[in-house]
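Novice: Structure provided below as structure tokens; questions to follow.
And the structure:
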């Protein structure tokens, strides 16, 4: 097994629902969906964000899309215009979750190495 | 209607303030039947309500009228019908301004404007409370009576029926208040294909099409994480076009030659955006199950969406209430290497001590270091000593406006009275903002639907 960051296996988008943030995580390769489902339990995600999420983490499965949706309760400092956060609308909880480390089989780690990051030598 | 009949609905605005060239390109690009323009978000209604309080003629998206001055003639010539919630808290005023704009740009006598009213509950609030509608907060269960005096706006999310009616009456442009974002897409589909309101699967498919359309370019390459570095021509990103079939399946695409990219991944990212329980996506007209969505990437910026299932609507409509809830302000200063983060933290400590010595009252003080932890918080860990620079960002919130006002005068002094190598204060004193808190509630649908009014006016 090799430890990799989730950014290598999945992309994500997040947004707000009141004081809750949602993060949809989508496997690059649908074959890795099961692996994500197994590792990314609500407890693991809650522990990852720690104090950043005051309430529970709920998880919903969308196997057709190879996606998991996480609802992070009480993550936005009151939400909307109440929040004093720079990320008051939870737009970058997505990449926050992609930092999480998970153990995957060596061949998966090798096959996905570098995925999710700009190619070497790239410039705008 | 032949089996191959397609209805093409283009998205032109994902929010109030979106790219104003996009809807022009959608119309000039041709090959579309409808243009949907979404202007409203939770906080937008309270902003519009305030504008209307100062000026009874305001309270809607004026940019929409300016846009129509550019595209109205072409829309009429090409038979492109426009559906929008630009009316905000004053759809009447918006429709009147649109009629005048139409006359100015020469579509007088050949265009009709549809107007949908009745979603605005502000004037009826006390009557509704008195007659037993509690409008309790959906999240906390608290009754609205607790904050009644602070309410600034109250609007029910309304569905497809009044838009369909306006289209049946021949409206070329339909202006509504707080229609749901998704209804702006699926109401035209219900009208064109004659879908019955209880045809749950088809209407739910329309809801999915609406959810994909409602954020503009967010499904065509904008804010897209996958391979973002090689998505082409973002300067002229193509906004989505839904090509719908009578059976409820549809293809998401964009104009040939436009920038951006439509793939299974770009569409999937938009599908999960602002998602709660995907099996229970509640709208005024149907409950859609987003776990039933199938996506087929057809290549060439075309993604087919099919298989969507729905179930019957609920007896309630959601009500979006905004209420005044104190004041806030945010101040920033920039600190340079060496030990940039330590200087910023030290300045924050000095600032907090001064606020305390002044005896000010705050419900919350929040400190973030932009360039280090303002996006990923604790996940960023401890900042390194050789960080080139960092921006100190301190926000305060209080029910006492004077405390927030005084806070705004305590930022600039830190430049001469705090830690060294500080800059970035040229923007002047922070602005005090009124906080509009959000109060989601439910109301029995008949209390709203009995008051909905549709009319069509000649330009």
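Residue numbers (my numbering), protein chains in the order written: chain A, 1 to 124; chain B, 1001 to 1459. By construction, the Cβ of each residue, glycine as well, lies at the ideal position given by its N, Cα and C atoms. Note that the structure is a prediction, hence the values are computed from the model and not measured.
So, are the CB atoms of residue 4/A and residue 102/A less than 8 Å apart?
Specialist: The residue labelled residue 4/A in the question sits at position 4 within the first chain. The residue labelled residue 102/A in the question sits at position 102 within the first chain. A contact, by the Cβ cut-off of 8 Å.
Novice: Touching or not, the stretch 1223-1231 of chain B and the stretch 1278-1296 of chain B, by the rule of three or more beta carbon pairs under 8 Å?
Specialist: The stretch 1223-1231 of chain B is not in contact with the stretch 1278-1296 of chain B.
Novice: Using a Cβ-Cβ cut-off of less than 9 Å, give me the residues of the stretch 19-30 of chain A that come near chain B, in sequence order.
Specialist: Within the stretch 19-30 of chain A, the residues whose Cβ lies closer than 9 Å to some Cβ of chain B are 19, 20, 22, 23, 24, 25, 26 and 28, listed in chain order.
Novice: For a test of the three-state rule: what should DSSP assign to residue 1002/B, helix, strand or coil?
Specialist: As a working mapping, residue 1002/B is identified with position 2 in the second chain. Low confidence applies to residue 1002/B: its pLDDT is 47, below 50, so where it sits in the model is not reliable, and the reading given next is rough at best. Residue 1002/B: coil per DSSP, three-state reduction.
Novice: Do we get a CB-CB distance below 8 Å when we pair residue 1447/B with the residues of chain A?
Specialist: Within the second chain, numbered from 1, the residue matching residue 1447/B stands at position 447. Not one chain A Cβ lies under 8 Å of residue 1447/B.
Novice: Please state whether DSSP places residue 1310/B in a helix, a strand or coil.
Specialist: Locating residue 1310/B in the second chain gives position 310, counting from the first residue. Of the three classes helix, strand and coil, the one that applies to residue 1310/B here is strand, per DSSP.
Novice: Give the residues of chain A in contact with residue 1370/B, contact being defined as C-beta atoms less than 9 Å apart.
Specialist: Here residue 1370/B refers to the residue found at position 370 of the second chain. Going along chain A in sequence order, the residues near residue 1370/B (Cβ under 9 Å) are 86.
Novice: Using only the alpha-carbon positions, how far apart do residue 46/A and residue 72/A sit?
Specialist: Taking the first residue of the first chain as 1, we reach residue 46/A at position 46. Taking the first residue of the first chain as 1, we reach residue 72/A at position 72. Rounded to the nearest angstrom, the two C-alpha atoms are 8 Å apart.
Novice: Could you list which residues in chain B have their beta carbon closer than 8 Å to that of residue 118/A, in chain order?
Specialist: Taking the first chain and counting its residues from 1, the one referred to as residue 118/A is at position 118. The answer, in chain order, is 1229.
Novice: Are the CB atoms of residue 1162/B and residue 1083/B nearer to each other than 8 Å?
Specialist: As a first step, residue 1162/B must be located in the second chain, where it is residue number 162. As a first step, residue 1083/B must be located in the second chain, where it is residue number 83. No, these two residues do not count as a Cβ contact at 8 Å.
Novice: Starting from residue 58/A, follow the beta strand (DSSP E) in both directions and report where the run begins and ends.
Specialist: On the first chain, residue 58/A is found 58 positions in, with the first residue counted as 1. Element bounds for residue 58/A: 57-62.
Novice: Which same chain residues, not among the five before or five after residue 90/A, have their C-beta less than 7 Å away from its C-beta?
Specialist: Locating residue 90/A in the first chain gives position 90, where the first residue counts as 1. Once the five neighbours on either side are set aside, the close Cβ partners of residue 90/A are 14, 15, 16, 21, 75 and 76.
Novice: Whole-angstrom Cβ separation of residue 1465/B and residue 1175/B, contact assumed at under 8 Å?
Specialist: Look at the range of chain B in this structure, 1001 to 1459, and you will see that residue 1465/B is not part of it.
Novice: Going by DSSP, which residues form a beta bridge with residue 27/A?
Specialist: In the first chain, residue 27/A corresponds to position 27, counting from 1. DSSP, once it has assigned bridges, lists 10/A as partnering residue 27/A.
Novice: Is it buried or exposed for residue 1168/B, if we count other Cβ within 10 angstroms and need 16 for buried?
Specialist: Taking the first residue of the second chain as 1, we reach residue 1168/B at position 168. Residue 1168/B should be labelled exposed.
Novice: Closer than 8 Å, CB to CB, is residue 1011/B near chain A or not?
Specialist: As a first step, residue 1011/B must be located in the second chain, where it is residue number 11. Taking Cβ atoms only, chain A never reaches closer than 8 Å to residue 1011/B, which makes this a no.
Novice: Figure out for me which residue from 1348/B, 1032/B, 1307/B and 1451/B has the closest Cα to the Cα of residue 65/A.
Specialist: Counting from 1 along the first chain, the entry for residue 65/A is found at position 65. Checked all of 1348/B, 1032/B, 1307/B and 1451/B; the closest Cα to residue 65/A is 1307/B.
Novice: Residue 1455/B to residue 1408/B, Cα distance in whole Å?
Specialist: Within the second chain, residue 1455/B is the residue found at index 455, counting from 1. Within the second chain, residue 1408/B is the residue found at index 408, counting from 1. Their backbone Cα atoms lie some 49 Å apart in a straight line.
Novice: At a cut of 8 Å, does the stretch 33-43 of chain A reach the stretch 1382-1399 of chain B through at least three beta carbon pairs?
Specialist: No, the stretch 33-43 of chain A is not in contact with the stretch 1382-1399 of chain B.
Novice: Considering only the alpha carbon of each residue, which of 96/A, 113/A and 58/A lies closest to residue 1276/B?
Specialist: Taking the second chain and counting its residues from 1, the one referred to as residue 1276/B is at position 276. Closest option to residue 1276/B, Cα to Cα, is 58/A.
Novice: Applying the 10 Å Cβ sphere with the 16-neighbour rule, what's the burial state of residue 1154/B?
Specialist: For the purposes of this step, residue 1154/B is taken as residue 154 along the second chain, with counting starting at 1. Buried.
Novice: Taking the alpha-carbon positions, what's the residue 1027/B to residue 108/A distance?
Specialist: Locating residue 1027/B in the second chain gives position 27, where the first residue counts as 1. Locating residue 108/A in the first chain gives position 108, where the first residue counts as 1. Distance between the alpha carbons of residue 1027/B and residue 108/A: 46 Å.
Novice: Report the rounded CA-to-CA distance for residue 10/A versus residue 32/A, giving the unit in angstroms.
Specialist: Numbered from its first residue, the first chain carries residue 10/A at position 10. Numbered from its first residue, the first chain carries residue 32/A at position 32. Roughly 9 Å separates the two Cα atoms.
Novice: Is DSSP giving residue 91/A helix, strand or coil here?
Specialist: One-based indexing of the first chain puts residue 91/A at position 91. Looking at residue 91/A - three-state DSSP - the assignment turns out to be coil, as it is neither helix nor strand.
Novice: Closest to residue 1148/B by CA distance: which of 1241/B, 1128/B, 1350/B and 1164/B is it?
Specialist: Numbered from 1 along the second chain, position 148 holds the residue referred to as residue 1148/B. Nearest option by C-alpha distance: 1128/B.
Novice: Pick out the complete beta strand (DSSP E) segments inside the stretch 1287-1351 of chain B, 3 residues or longer, and give them in chain order.
Specialist: As far as the stretch 1287-1351 of chain B is concerned, its whole beta strand (DSSP E) runs of at least 3 residues are 1287-1289, 1294-1299, 1302-1306, 1309-1311 and 1316-1336.
Novice: Just mark residue 82/A as buried or exposed, buried being the case when its beta carbon has 16 or more other beta carbons within 10 Å.
Specialist: Residue 82/A sits at position 82 when you count from the first residue of the first chain. Residue 82/A is buried by the Cβ-count criterion.
Novice: Relative to the C-alpha of residue 968/B, which residue among 1178/B, 1140/B and 1424/B is closest?
Specialist: One cannot answer for residue 968/B here, as it falls past the ends of chain B, which runs 1001 to 1459.
Novice: With a threshold of 8 Å between beta carbons, is residue 1003/B in contact with chain A?
Specialist: For the purposes of this step, residue 1003/B is identified with residue 3 of the second chain, where counting begins at 1. Residue placement at residue 1003/B cannot be trusted, given a pLDDT of 49 that sits under 50; the coordinates are not used to answer.
Novice: Which bits of chain A does residue 1293/B rub up against, with CB to CB less than 7 Å?
Specialist: Within the second chain, residue 1293/B is the residue found at index 293, counting from 1. Neighbours of residue 1293/B on chain A, chain order: 64 and 65.
Novice: Kindly list, in the order they appear in chain B, the residues whose Cβ is closer than 7 Å to that of residue 11/A.
Specialist: Position 11 of the first chain, counted from the start, is the residue given in the question as residue 11/A. Here the neighbours are 1225, 1226, 1265 and 1269.
Novice: Express the C-alpha separation of residue 1209/B and residue 1243/B in angstroms, rounding to a whole number.
Specialist: Within the second chain, the letter at position 243 stands for residue 1243/B. Within the second chain, the letter at position 209 stands for residue 1209/B. About 9 Å.
Novice: Taking C-alpha atoms, which residue in 1284/B, 1301/B, 1334/B and 1336/B lies nearest to residue 1312/B?
Specialist: In the second chain, counting from the first residue as 1, residue 1312/B sits at position 312. Closest by alpha carbon: 1284/B.
Novice: Whether or not the stretch 1341-1357 of chain B and the stretch 1413-1428 of chain B are in contact is what I'm after, with contact meaning three or more pairs of Cβ atoms, one per stretch, closer than 8 Å; do they touch?
Specialist: Flag = yes, the stretch 1413-1428 of chain B and the stretch 1341-1357 of chain B touch.
Novice: Taking C-beta pairs closer than 8 Å, name the residues in chain A that residue 1302/B reaches, listed in chain order.
Specialist: To locate residue 1302/B, count along the second chain from 1; it is residue 302. Within 8 Å Cβ-Cβ: nothing; residue 1302/B doesn't reach chain A, min ~17 Å.
Novice: Which residue wins for smallest C-alpha separation from residue 1044/B, given the options 1426/B, 1056/B and 1017/B?
Specialist: Within the second chain, residue 1044/B is the residue found at index 44, counting from 1. Closest option to residue 1044/B, Cα to Cα, is 1017/B.
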